[in-house]
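Visitor: Top to bottom, those sequences are chains B and L.
Under the numbering used here, the first residue of the first sequence carries the number 1, and numbering increases by one thereafter.
Under the numbering used here, the first residue of the second sequence carries the number 1, and numbering increases by one thereafter.
C-beta: ideal position from N, C-alpha, C; glycine also.
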Amino acid sequence: AAVRSRAEVDATLQTAKLNPAELLPAVQCLSFGPQAGGECCLLQLEPGLCAELEAGRSLVIRGEKDEHAVLCSKDKTYDMKIADTSNMLLFVPGCKTPEELNADLASCNIIHSQIAGFSKNYWELRRCRPKLKKLRKLLMEDPYEGPDSQKDQTSTLSKYTTEDLLSLIQASEEEILHQLQVIDACKIEGYWRILDFDYEMKLLSHVTQLIDSESWPLSKVPLCACLEELGSLEPREMIEHILLSYGRKYVDDGEVFFEMREDKICRAIARMLLQNAVKFNLSEFEEVWQQSVPEGMTTRLDQLQGLALVDKSSRPETIFLLKVEDLPEDNQGRFNSLFGIREKWTEVDITPYIQDLCAEKQTVGALLTKYARSSMLNGVKVFNSRRPIS
Amino acid sequence: SPSVPSAGTGALAQWVLVELQGEVQPRQSGDLAGNLLGDLHYTCEGVPVLIVGHHILYGKVVQLEKPFAVLVKQGGAPQPSPSAPHGHYTVTALIKTKLLFKTRPKPIITHVPKKV
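(1) Thinking C-alpha only, which one of W192/B, Q170/B, K202/B, E284/B is nearest I265/B?
(2) May I have the straight-line CA-CA distance separating E22/B from V364/B, to the nearest angstrom?
(3) Output, in chain order, the set of chain B residues within a Cβ distance shorter than 7 Å of G38/L.
(4) Grouping DSSP H, G and I as helix and E and B as strand, with all else coil, what is N35/L?
(5) Going by beta-carbon coordinates alone, are I269/B and V251/B separated by less than 8 Å?
(6) Which residues mark the beginning and the end of the beta strand (DSSP E) in which D326/B is found?
(7) So A366/B packs on S385/B, CB below 8 Å; how close in whole Å?
(8) May I ask which residues mark the beginning and end of the alpha helix (DSSP H) holding S205/B?
(9) Output yes if chain B places a C-beta closer than 8 Å to the C-beta of Y42/L; else output no.
(10) Could you tell me which residues DSSP pairs with F91/B in its beta bridges?
(11) Tell me the start and end of each unbroken beta strand (DSSP E) in the segment 288-360 of chain B that is at least 3 residues and wholly inside, in chain order.
(12) Give a yes or no on whether 8 Å exceeds the smallest Cβ distance from G59/L to chain B.
(13) How would you list, in chain order, the residues of chain L whose beta-carbon sits under 9 Å from the beta-carbon of T299/B?
(14) Give a yes or no on whether 8 Å exceeds the smallest Cβ distance from V72/L to chain B.
(15) Using 8 Å as the limit for Cβ to Cβ distance, is G37/B near chain L?
(16) In this structure, does DSSP put H55/L in helix, strand or coil?
(17) Quick one: is P47/B buried, meaning 16 or more other Cβ sit within 10 Å of its Cβ, or exposed?
(18) Put S83/L into one of helix, strand or coil per three-state DSSP.
(19) Which of the three DSSP states, helix, strand or coil, is assigned to N102/B?
(20) Just to make sure I have the definition right: I need the residues of chain B whose C-beta is within less than 7 Å of the C-beta of G46/L. Which are they?
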């Protein structure tokens, strides 16, 4: 079809009884471009994303076929949801606004613009928590048991590089790298590994025994000496890794030291003790626990938040292992699981097990209001499930 | 994993969204490619006026609170659907402005029969 002429435009204006004097001189004739078949889709941007795109950064859509897709920027994760409108949305490159036409009065009075695409819907984004439970699950497929382990020499099947993790985990790169640090993962021969807990405790006890025999202050453990003394027992990278995991690194007078983290060490030792039975007599446990930690460290029950739960209703009082990372990642699943373990929870007891569910500006209180029902029990406020638990 | 890189170097193109009520049908059978939609004018006050077929549509220029990114799927794969947005996309353009046509189309009367 021939290109529309100005004369044809003017004829149409006349038929429409529109007064050209009331219009800006330039007309834009819109037609559908050859590609306008729907290879495009629209993504509604949350604050900040527009600026990121304009700065040249890219966005990634992640998810396996059985997962809901998420969109990831460099450091944030968003749920994607389709929004239907009943209207037609046409996208027109180079379409000029009145301001742009007025700014360019010398332009000709007819512009031919092609509609690049159209859609009846668009993708909406909503910031969400990164889906990181899968990260631990993948790394737990093949925990590192040390250089003497036979397992490692055989397969690389369940081993993951950074690239692998980026393609499998529904989270932004920064969120993934941060979580790797949080779970004390380390890179061995290019693959991210979690230490097998027994191996980890073995490494830790090498270090704590050395600290004891050398009478070093817990706040000033020298890296070099550790590597020298323990290098014959374990790989140097592993010794350094355990110091990094359980200590705070600092430099003093050119030398590297570690301030050992009392809470983390006590917590790990508690886990080691608790994992051997279903539950323990609380007072017996507390005694053994204090005896098991390094000289100079003090055990406290609040070090065990999100790791163990005390049952104050049993006689005698007992304690058992309950790791928050073993519980479901989604809100409803988490609450169902917690109420299945215990019918009524105080806010103090349940908080460590729901804290990680809080969205950007959400409080634990808000979560409890949404997913639980409160009542009074012996003068104490307790929370139970909103629905019957089967 | 499916990435959405910005197309090429330099600033992203800025496009405009035109929002119309209902469907746009091609005059003849076949798809819309190549077909004319209509003439877009602005009044001196900046009100967009779109003449589509025998209709006049009046609209308004809206600055979008939440801009859009236009994603183009790579590799000639099937159209992204609500259940499967997975795939390779390029951000081709940003849209910060839309022309919203919500008014009822005013029909253009092209032939008035002569009274006898």
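Guide: In this structure, then:
(1) Numbered from its first residue, the first sequence carries residue 265/B at position 265. Scanning W192/B, Q170/B, K202/B, E284/B for the CA closest to the CA of I265/B turns up K202/B.
(2) Counting from one through the first sequence, the residue named residue 22/B turns up at place 22. Counting from one through the first sequence, the residue named residue 364/B turns up at place 364. Rounded to whole angstroms, E22/B to V364/B spans 60 Å at the Cα level.
(3) As a working note, residue 38/L is residue 38 in the second sequence. L30, listed in chain order.
(4) In the second sequence, counting from the first residue as 1, residue 35/L sits at position 35. In this structure, N35/L counts as coil in the three-state DSSP scheme.
(5) Numbered from its first residue, the first sequence carries residue 269/B at position 269. Numbered from its first residue, the first sequence carries residue 251/B at position 251. No, the Cβ-Cβ distance between I269/B and V251/B is not below 8 Å.
(6) Locating residue 326/B in the first sequence gives position 326, where the first residue counts as 1. Unbroken run through D326/B: none, as it is neither H nor E.
(7) Against the first sequence, residue 366/B aligns to sequence position 366. Against the first sequence, residue 385/B aligns to sequence position 385. Contact annotation, A366/B with S385/B: C-beta distance approximately 17 Å; criterion of less than 8 Å not satisfied.
(8) Within the first sequence, numbered from 1, the residue matching residue 205/B stands at position 205. Counting along the chain, the alpha helix (DSSP H) containing S205/B begins and ends at 197-214.
(9) Translated into positions along the second sequence, residue 42/L becomes position 42. With a threshold of 8 Å between beta carbons, Y42/L makes contact with chain B.
(10) In the first sequence, the residue the question calls residue 91/B occupies position 91. Answer is G117/B, L17/L, bridged to F91/B.
(11) The segment 288-360 of chain B contains, as complete beta strand (DSSP E) runs of 3+ residues, the segments 308-311, 318-321 (chain order).
(12) The count along the second sequence starts at 1 and reaches residue 59/L at position 59. It does not: the Cβ of G59/L has no partner Cβ on chain B nearer than 8 Å.
(13) Residue mapping note: residue 299/B aligns to position 299 of the first sequence, counting from 1. Neighbours of T299/B on chain L: none; closest Cβ ~44 Å, over 9 Å.
(14) Locating residue 72/L in the second sequence gives position 72, counting from the first residue. Residue contact check for V72/L against chain B: a CB pair falls below 8 Å.
(15) Position 37 of the first sequence holds residue 37/B. In this prediction, G37/B scores a pLDDT of 48, lower than 50, which makes its location untrustworthy; the coordinate-derived value is nonetheless stated afterwards. Among the residues facing chain L, G37/B is included, as its CB has a counterpart in that chain under 8 Å away.
(16) Mapped onto the second sequence, residue 55/L falls at position 55. In this structure, H55/L counts as strand in the three-state DSSP scheme.
(17) Residue 47/B sits at position 47 when you count from the first residue of the first sequence. Exposed, because fewer than 16 other Cβ atoms sit within 10 Å of the Cβ of P47/B.
(18) Position 83 of the second sequence, counting from 1, holds the residue named residue 83/L. Here the model assigns S83/L a pLDDT of 45, short of 50, so the residue's position is not dependable, and the following value carries that caveat. Correct three-state label for S83/L: coil.
(19) Translated into the one-based positions of the first sequence, residue 102/B becomes position 102. N102/B falls in the helix class under three-state DSSP.
(20) Your numbering for residue 46/L matches position 46 in the second sequence. Chain B residues near G46/L: P98.
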